Amino acid sequence: AQTVTQSQPEMSVQEAETVTLSCTYDTSESNYYLFWYKQPPSRQMILVIRQEAYKQQNATENRFSVNFQKAAKSFSLKISDSQLGDTAMYFCAFMKPSASGGSNYKLTFGKGTLLTVNP
Amino acid sequence: DGGITQSPKYLFRKEGQNVTLSCEQNLNHDAMYWYRQDPGQGLRLIYYSQIVNDFQKGDIAEGYSVSREKKESFPLTVTSAQKNPTAFYLCASSIRGEGSTEAFFGQGTRLTVV
């Protein structure tokens, strides 16, 4: 079973509107971290937002916010006031303790959602 | 400036040859990761390492090897056993702690088998 699932391969939104990208994950751990990364055409990975599982409050970063539903294992990203520069591939990522134990943490990504912001 | 550097940016390999991709970081991060990116596949984890002289197989380790002799360096060797090596490879390093958990990425290496 896939650890991180992004069910929307592609999405589009009009400039200035709001869009929500979905992500679900699978784990039995209680301590883990969740991220959204953006990959523009340059292919440089850029951190958009992060969430620690032990924090109940949803993270926000300017126009970006998450809806973290721990019981449902859901971690969606909302982009408000979409801008042309938001056009990119967006990846949901999940960091949890490795099955090998010790201090190893495994960082796993979903398949991504290609977001296009239209003028 | 602190960061993570991958080299080369583009790499060509003949079939049957091994090739090594470089990844260096000066962020003093303990953890380092290698990913392969193919269209429609997202980032798939090849190997990762938390400490020097120790590393773990990821989800697609077959045909690849790594070493972690120094904290700063985590080179990836694509061996001749990797049947479909043409891809974009990304290296990352991470710090983990309250309020500072994040993975930083290099700019990637595009490997093409010719």
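Protein chains in written order, with our numbering: chain A, 1316 to 1434; chain B, 114 to 227.
Positions of the beta carbon are idealized from the N, C-alpha and C atoms, including for glycine.
If you're wondering where the values come from, they're calculated on a predicted model, not measured in any experiment.
Excluding five sequence neighbours on each side, which residues of the same chain lie with their C-beta closer than 7 Å to the C-beta of residue i?
i: Gly-171/B; result: Leu-158, Ile-159, Tyr-160, Tyr-161
i: Arg-1378/A; result: Ile-1394, Ser-1395, Asp-1396
i: Thr-1423/A; result: Thr-1318, Val-1319, Ala-1408, Phe-1409
i: Gln-85/B; result: A question about residue 85/B goes unanswered here, because the residues of chain B that appear run from 114 up to 227.
i: Ser-1327/A; result: Thr-1431, Asn-1433
i: Asp-151/B; result: Ala-200
i: Arg-149/B; result: Arg-157, Ile-159, Ile-173, Ala-200, Tyr-202
i: Ser-1322/A; result: Ser-1337
In the DSSP assignment, what are the bridge partners of residue i?
i: Ile-1364/A; result: Trp-1351/A
i: Arg-1378/A; result: DSSP lists no partner for Arg-1378/A.
i: Asp-167/B; result: Ile-164/B
i: Phe-125/B; result: Thr-225/B
i: Gly-155/B; result: Asp-151/B
i: Ser-1322/A; result: Partner(s): none; Ser-1322/A has no beta bridge.
i: Asn-139/B; result: Looking at the DSSP assignment, Asn-139/B forms no beta bridge with any residue, so it has no partner.
i: Ala-1403/A; result: Leu-1430/A
i: Ser-193/B; result: BP columns for Ser-193/B are empty, so no partner.
i: Ala-200/B; result: Leu-224/B
i: Glu-215/B; result: Ile-208/B
Could you tell me how far apart the beta carbons of residue i and residue j are, in whole angstroms, since I believe they sit closer than 8 Å?
i: Thr-230/B; j: Lys-122/B; result: The structure shown does not extend to residue 230/B, since chain B is modelled only from 114 through 227, so no value can be given for it.
i: Val-1354/A; j: Phe-1390/A; result: Going by the sequence as given, residue 1354/A is Gln instead of Val. With a Cβ gap of about 18 Å, Gln-1354/A and Phe-1390/A do not count as contacting.
i: Leu-1336/A; j: Leu-1392/A; result: 5 Å
i: Gln-163/B; j: Ala-144/B; result: 5 Å
i: Tyr-1352/A; j: Phe-1406/A; result: 5 Å
So, at 8 Å on beta carbons, what are the nonlocal neighbours of residue i in its own chain, with the 5 sequence-adjacent residues on each side left out?
i: Val-165/B; result: Arg-181, Glu-182, Lys-183, Lys-184
i: Tyr-177/B; result: Trp-147, Ile-159, Tyr-160, Leu-189, Thr-190, Val-191, Thr-192, Gln-195
Classify residue i: buried if its beta carbon has 16 or more other beta carbons within 10 angstroms, exposed otherwise.
i: Ala-1387/A; result: exposed
i: Val-1363/A; result: buried
i: Leu-203/B; result: buried
i: Val-227/B; result: exposed
i: Tyr-1369/A; result: exposed
i: Thr-225/B; result: exposed
i: Lys-1426/A; result: buried
i: Pro-198/B; result: buried
i: Asp-1341/A; result: exposed
i: Asp-1401/A; result: buried
Looking only at its own chain, which residues have a Cβ that is under 6 Å from the Cβ of residue i, when we skip the five neighbours before and after it?
i: Ile-117/B; result: Gln-138, Ser-206, Phe-217, Gly-219
i: Ala-1331/A; result: Asp-1396
i: Ser-186/B; result: Glu-137
i: Ile-208/B; result: His-142
i: Met-1404/A; result: Gln-1354, Gly-1427, Leu-1429
i: Phe-125/B; result: Thr-225, Val-227
i: Gln-169/B; result: Tyr-161
What do you reckon, is the C-beta of residue i under 7 Å from a heavy atom of the ligand GDP?
i: Thr-1375/A; result: You won't find the ligand GDP in this model; it holds no ligand whatsoever.
(request) Take every Cβ of the segment 1372 to 1391 of chain A, pair it with every Cβ of the segment 133 to 140 of chain B, and state whether three or more of those distances are shorter than 8 Å. (result) no
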